[in-house]
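Structure first, commentary second.
Residue numbers (my numbering), protein chains in the order written: chain A, 179 to 507; chain B, 3 to 280.
Written out as structure tokens, the structure reads:
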């Protein structure tokens with residue numbers, strides 16, 4: 179049932195005045211020499227009744243229209259394709275570099291953080307049905323926004339990451355905080371953590387166990403968009419030499435993510451184009467049925483009110499034009 | 003008499019027809035655009051606010067006051083959020099309109115947590131200058147809330163080479179030194195910070211076994227306000243923050259359309275009423 183609201187409800191206090199045509203003093207008095215000649219009492223004939231009703235309706239119509247009624251915005255439950263996505267974004271100082279690993283390239287290359295920001299904002303704009311949350315992390319994590327449908331706020335939060343990043347890439351607390359976002363929320367669609375980082379870090383074995391438990395309990399899928407420097411190790415094609423967790427933590431992180439027991443994909447992005455491609459792939463992957471609420475905008479009703487008033491007003495105007503003040507024989 | 007009545011009816015219908023075209027009047031409304039930056043370092047845990055119904059902790063009080071500000075700024079105003087710790091200001095949200103996005107702004111504000119601090123030290127001058135640069139980039143005025151308590155104590159501040167800014171430097175806390183609670187990662191009270199907790203080589207304090215006390219360092223904050231062009235005040239009540247933030251000279255103007263239909267409707271109403279009653 180749509181709810182009706184008024185933009186300027188105070189005008190409605192004038193509504194009692196609409197009954198004035200029914201009050202005795204609204205009756206016009208005519209000096210008339212011989213009442214006996216009159217066949218009936220004018221106020222009880224049907225044209226007079228109709229005129230009064232019309233006047234009353236016209237006045238009410240004007241007041242209601244002046245208070246600008248509208249149908250309140252409605253939320254309609256729909257079933258669509260989408261997901262609940264927590265963007266977990268690395269904001270460490272290395273994100274200030276561009277993809278070639280330099281701060282300011284000779285050509286105008288954008289930094290990793292700026293490219294990620296731009297593409298994520300486009301991604302958010304393309305997904306109107308998804309709920310998004312934002313967690314940023316460097317040395318310490320911070321939850322900027324929990325899952326929300328307020329896209330502009332999410333874009334403002336992602337946009338805020340365009341400022342210079344600081345600190346280290348400390349992934350475990352960021353992931354833990356992103357997982358917390360889902361806790362206590364109803365499981366109504368696929369849940370995704372979209373991790374955007376340019377490197378890995380070692381995660382302690384006991385923290386690893388706790389994260390794995392949470393991933394499974396909360397049924398969260400993990401997508402890792404790994405922004406790789408050309409000089410950095412590749413996760414998908416690991417080098418043949420012996421690796422240690424200090425020199426190539428990303429490979430160990432990838433191996434750990436594969437043991438999580440939830441759907442997991444890694445995307446390596448070496449330039450803005452491959453980053454765009456990775457995001458596009460995530461987009462096609464997460465299209466499962468998702469109940470969501472569509473907000474229908476509020477609808478202004480006062481044009482209808484004024485239109486009705488005009489329809490009632492024209493006969494009233496002609497009625498006034500028909501009035502005869504004095505018989506001229 | 004008939005002519006007058008007829009005239010009034012014509013006027014009435016004229017107003018109604020005009021209202022159907024949805025006329026508007028453009029007014030310049032004062033709005034504000036602020037970047038609000040909150041200090042989240044340890045000393046902000048100190049409890050020296052004593053107002054009924056409001057938290058006593060400096061950080062929680064500052065957040066409660068900012069929430070009031072979000073609720074009381076005129077629609078069309080925009081607020082961005084940031085946090086300060088160590089030498090830097092981190093932006094959380096770019097400025098968002100306060101009426102439409104009030105729920106998101108309030109959630110983001112409540113989510114501000116001292117555990118997001120990435121270092122325990124604080125160098126207020128660096129953080130403030132960083133915040134000023136961020137505010138300039140966002141074309142917003144700055145509201146920087148801090149207690150001015152700085153660790154380690156530094157003998158002098160860096161020079162300020164930016165442009166003089168507009169906005170407020172808000173002192174949070176009281177003049178009387180109070181102990182600083184030491185919390186564990188779940189936010190439970192472990193005790194209070196002692197001078198001996200500080201690392202040996204960095205502080206300039208005499209090493210004695212006593213509580214580390216914190217008070218609002220107004221002298222330092224006034225100094226910083228003077229060199230940056232900000233104005234200083236001590237945060238006493240949320241209402242005072244709202245009042246200061248709504249000061250007309252900090253307003254920007256936003257053209258807003260005022261709906262004229264209610265007035266046309268009312269004019270039509272009174273004209274019709276007159277036509278019926280005379």
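Cβ atoms here follow ideal geometry from the backbone N, Cα and C, with glycine treated the same way.
Would you list the one or two residues that DSSP bridges to residue 27(B)?
-> Translated into positions along the second chain, residue 27(B) becomes position 25. Paired residue(s): 260(B).
Any chain B beta carbon closer than 9 Å to residue 241(A) | Position 63 of the first chain holds residue 241(A). By this cut-off, residue 241(A) is an interface position.
Collapsed DSSP secondary structure at residue 502(A) in the structure displayed | For the purposes of this step, residue 502(A) is taken as residue 324 along the first chain, with counting starting at 1. Reduced to three states, the DSSP call for residue 502(A) is coil.
Neighbour flag for residue 139(B) against chain A, beta carbons, 9 Å = Taking the first residue of the second chain as position 1, residue 139(B) is located at position 137. Taking CB atoms only, residue 139(B) has a neighbour in chain A less than 9 Å away.
Can you name the start and end residues of the beta strand (DSSP E) that residue 38(B) belongs to?
-> For the purposes of this step, residue 38(B) is taken as residue 36 along the second chain, with counting starting at 1. 35-41 is the span of the beta strand (DSSP E), which, as asked, contains residue 38(B).
Taking 9 Å as the CB-CB limit, is residue 188(B) close to chain A?
-> Taking the first residue of the second chain as position 1, residue 188(B) is located at position 186. With 9 Å as the cut-off, residue 188(B) does not count as an interface residue toward chain A.
With 16 as the cutoff for other CB atoms within 10 Å, does residue 182(A) come out buried or exposed?
-> On the first chain, residue 182(A) is found 4 positions in, with the first residue counted as 1. It counts as exposed.
Are the Cβ atoms of residue 291(A) and residue 340(A) separated by less than 9 Å?
-> The count along the first chain starts at 1 and reaches residue 291(A) at position 113. The count along the first chain starts at 1 and reaches residue 340(A) at position 162. Closer than 9 Å, so yes.
Could you tell me whether the Cβ of residue 337(A) comes closer than 9 Å to any Cβ of chain B?
-> Residue mapping note: residue 337(A) aligns to position 159 of the first chain, counting from 1. Chain B contact via Cβ: present.
Look at the alpha carbon of residue 308(A) and the alpha carbon of residue 236(B), and state the distance between them as a whole number of angstroms.
-> Here residue 308(A) is taken as the residue at index 130 of the first chain, counted from 1. Here residue 236(B) is taken as the residue at index 234 of the second chain, counted from 1. Each residue's Cα considered, the two are about 43 Å apart.
Counted within 10 angstroms of its Cβ, other Cβ atoms place residue 282(A) as buried (16 or more) or exposed | Residue 282(A) sits at position 104 when you count from the first residue of the first chain. At residue 282(A), the pLDDT of 49 sits below 50, so the modelled position is not reliable; the number obtained from the coordinates is stated separately. Label assigned to residue 282(A): exposed.
Environment of residue 177(B) [buried if 16+ CB atoms lie within 10 Å] = For the purposes of this step, residue 177(B) is taken as residue 175 along the second chain, with counting starting at 1. With fewer than 16 Cβ atoms within 10 Å of its Cβ, residue 177(B) is classed as exposed.
Complete runs of the alpha helix (DSSP H) confined to the region 351-396 of chain A [at least 4 residues] | If we require 4 residues or more, the alpha helix (DSSP H) runs fully inside the region 351-396 of chain A come out as 383-396.
Chain-ordered chain B contacts of residue 237(A) [CB-CB under 9 Å] = Stepping through the first chain from its first residue, residue 237(A) is reached at position 59. Result: 271, 274, 275 and 278.
Boundaries of the beta strand (DSSP E) in which residue 5(B) is found, first to last residue = In the second chain, residue 5(B) corresponds to position 3, counting from 1. No beta strand (DSSP E) contains residue 5(B), which is instead part of the alpha helix (DSSP H) from 4-22.
Assign residue 255(A) to buried or exposed, taking buried as 16 or more other Cβ atoms, counted over all protein chains shown, within 10 Å of its Cβ.
-> Translated into positions along the first chain, residue 255(A) becomes position 77. It counts as exposed.
Could you please give the first and the last residue of the uninterrupted beta strand (DSSP E) stretch that includes residue 91(B)?
-> Here the question's residue 91(B) lines up with position 89 in the second chain. Note, residue 91(B): beta strand (DSSP E), 90-99.
Can you list, in chain order, the residues of its chain whose CB lies under 6 Å from that of residue 414(A), leaving out five sequence neighbours each side?
-> Here residue 414(A) corresponds to residue number 236 of the first chain, with the count starting at 1. So the qualifying residues of the chain are 446.
Whether residue 46(B) touches residue 174(B) by CB criterion (9 Å) | Numbered from 1 along the second chain, position 44 holds the residue referred to as residue 46(B). Numbered from 1 along the second chain, position 172 holds the residue referred to as residue 174(B). Their beta carbons are under 9 Å apart, which means residue 46(B) touches residue 174(B) by this criterion.
If we count the other Cβ atoms within 10 Å of its Cβ and call it buried at 16 or more, is residue 285(A) buried or exposed?
-> Sequence index remark: in the first chain, residue 285(A) carries index 107 (1-based). Confidence at residue 285(A) is low in this model, with a pLDDT of 49, below 50, so the placement of that residue should be treated as unreliable; the coordinate-derived value is given next. Classification of residue 285(A): exposed, given that the 10 Å Cβ count is below 16.
Kindly indicate which three-state DSSP category residue 248(A) falls into: helix, strand or coil?
-> Within the first chain, residue 248(A) is the residue found at index 70, counting from 1. The answer is strand: DSSP assigns residue 248(A) an E or B state.
Three or more C-beta pairs below 8 Å linking the region 19-34 of chain B and the region 242-261 of chain B = yes
Could you check where the beta strand (DSSP E) with residue 132(B) kicks off and where it finishes?
-> Residue 132(B) sits at position 130 when you count from the first residue of the second chain. That residue, residue 132(B), is in no beta strand (DSSP E); its alpha helix (DSSP H) goes 126-140.
Residue 464(A) at chain B interface by Cβ criterion, 9 Å = Working through the first chain from its first residue, we reach residue 464(A) at position 286. Not an interface residue.
Min CB distance residue 194(A) to chain B below 9 Å = Translated into positions along the first chain, residue 194(A) becomes position 16. Not one chain B Cβ lies under 9 Å of residue 194(A).
Quick one: grab the DSSP three-state call for residue 118(B).
-> Locating residue 118(B) in the second chain gives position 116, where the first residue counts as 1. Helix.
If residue 321(A) sits next to residue 113(B), beta carbons under 8 Å apart, how far is it from one beta carbon to the other, in whole angstroms?
-> Here residue 321(A) refers to the residue found at position 143 when the first chain is read from its first residue. Here residue 113(B) refers to the residue found at position 111 when the second chain is read from its first residue. Rounded, the Cβ-Cβ distance is 5 Å, consistent with contact.
For residue 169(B) and residue 456(A), the rounded distance between their alpha carbons = In the first chain, counting from the first residue as 1, residue 456(A) sits at position 278. In the second chain, counting from the first residue as 1, residue 169(B) sits at position 167. So the two alpha carbons sit approximately 42 Å from each other.
Reference residue 335(A), options 97(B), 211(B) and 190(B), closest by Cα | Within the first chain, residue 335(A) is the residue found at index 157, counting from 1. Residue 97(B) is the option with its Cα nearest to residue 335(A).
Cβ of residue 22(B) within 9 Å of Cβ of residue 491(A)?
-> Here residue 22(B) corresponds to residue number 20 of the second chain, with the count starting at 1. Here residue 491(A) corresponds to residue number 313 of the first chain, with the count starting at 1. No, Cβ-Cβ distance for residue 22(B) and residue 491(A) is not below 9 Å.
Would you report the Cα separation of residue 305(A) and residue 356(A), rounded to the nearest angstrom?
-> Here residue 305(A) refers to the residue found at position 127 of the first chain. Here residue 356(A) refers to the residue found at position 178 of the first chain. Each residue's Cα considered, the two are about 20 Å apart.
Got a sec: is the Cβ-Cβ distance from residue 440(A) to anything in chain B below 9 Å?
-> Locating residue 440(A) in the first chain gives position 262, counting from the first residue. Not one chain B Cβ lies under 9 Å of residue 440(A).
Distance, residue 35(B) Cα to residue 254(B) Cα = Position 252 of the second chain, counting from 1, holds the residue named residue 254(B). Position 33 of the second chain, counting from 1, holds the residue named residue 35(B). In a straight line, the C-alpha of residue 254(B) is about 8 Å away from that of residue 35(B).
Between residue 230(A) and the rest of its own chain, which residues show a CB-CB distance below 7 Å, the 5 nearest in sequence each way excluded?
-> As a position in the first chain, residue 230(A) is number 52, starting the count at 1. If we look at residue 230(A) and ignore the five residues flanking it on each side, its Cβ neighbours are 199 and 200.
Go through its chain and collect everything with a Cβ distance to residue 507(A)'s Cβ below 6 Å, but skip five positions before and after it.
-> Counting from 1 along the first chain, the entry for residue 507(A) is found at position 329. With a pLDDT of 49 at residue 507(A), under the threshold of 50, the modelled position of that residue is not reliable, and no figure is offered here.
Starting from residue 245(B), follow the alpha helix (DSSP H) in both directions and report where the run begins and ends.
-> Working through the second chain from its first residue, we reach residue 245(B) at position 243. Its alpha helix (DSSP H) spans residues 240-247.
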